[in-house]
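*Asks:* Be aware that the sequence shown starts at 7, since it is given in this note's numbering, and climbs by one per residue.
Where is the CB? At the ideal position from N, CA and C, for every residue including glycine.
Note that the structure is a prediction, hence the values are computed from the model and not measured.
Handing you a structure now.
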Amino acid sequence: MDIKIKDKFDAYPDKAKTRLLEIRAIILDTAQREGVGELTETLKWGQPSYLVKQGSTVRINWAPKNPNKVSVFFNCKTTLVETFREIYGAGLQTVGNREIEIPISGHIPISVLSACVSMSLRYHTIKHLPLLGA
Numbered sequence: 007m008d009i010k011i012k013d014k015f016d017a018y019p020d021k022a023k024t025r026l027l028e029i030r031a032i033i034l035d036t037a038q039r040e041g042v043g044e045l046t047e048t049l050k051w052g053q054p055s056y057l058v059k060q061g062s063t064v065r066i067n068w069a070p071k072n073p074n075k076v077s078v079f080f081n082c083k084t085t086l087v088e089t090f091r092e093i094y095g096a097g098l099q100t101v102g103n104r105e106i107e108i109p110i111s112g113h114i115p116i117s118v119l120s121a122c123v124s125m126s127l128r129y130h131t132i133k134h135l136p137l138l139g140a
């Protein structure tokens, strides 16, 4: 992990840091399992961000205004979150057309989140498919 990214994670409160590192692991595992190519981990808008050549960026963050949740952000100019909502409905807490909220403690819907991350990391190769090929 790059030192700037490590510093960002270290700046989060402990519970948020733990949850975000769990989500980071899901993103890294999903990218490896899907074989999407080299995953770049960087900071965009001051948030840990993950991208691949043929995908759409995934960002994660915690903010003091919602202290009991962390967020996974997707590009609002895609159909990603709309598709997630259609496929998974009540299984996800979505906000607008760019965000999935995850409680800071308790259960992470790992299989659902991994599927969403997979669609984002493969977006430019699946965007023409109904329901993004799900």
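Smallest Cα separation from residue 105: which of 84, 111 and 112?
*Replies:* In the sequence shown, the residue the question calls residue 105 occupies position 99. The candidate whose alpha carbon is nearest that of residue 105 is 84.
*Asks:* For residue 55, is the classification buried or exposed, using 16 other Cβ atoms within 10 angstroms of its Cβ as the cut-off for buried?
*Replies:* Translated into the one-based positions of the sequence shown, residue 55 becomes position 49. Counting Cβ neighbours within 10 Å, residue 55 comes out buried, since at least 16 surround it.
*Asks:* Does DSSP classify residue 101 as helix, strand or coil?
*Replies:* Here residue 101 corresponds to residue number 95 of the sequence shown, with the count starting at 1. It is a strand residue.
*Asks:* Taking the Cβ atom as the reference point for each residue, do residue 76 and residue 108 lie within a distance shorter than 8 Å?
*Replies:* By one-based count along the sequence shown, residue 76 stands at place 70. By one-based count along the sequence shown, residue 108 stands at place 102. Cβ atoms of residue 76 and residue 108: closer than 8 Å.
*Asks:* Which residues does DSSP pair with residue 12 in a beta bridge?
*Replies:* In the sequence shown, residue 12 corresponds to position 6, counting from 1. Per DSSP, none; premise fails for residue 12.
*Asks:* Measuring CA to CA, which of 52, 80, 68 and 33 is closest to residue 44?
*Replies:* Taking the sequence shown and counting its residues from 1, one reaches residue 44 at position 38. That would be 33, whose Cα lies nearest to the Cα of residue 44.
*Asks:* In three-state terms, what does DSSP make of residue 48?
*Replies:* Within the sequence shown, numbered from 1, the residue matching residue 48 stands at position 42. Strand at residue 48.
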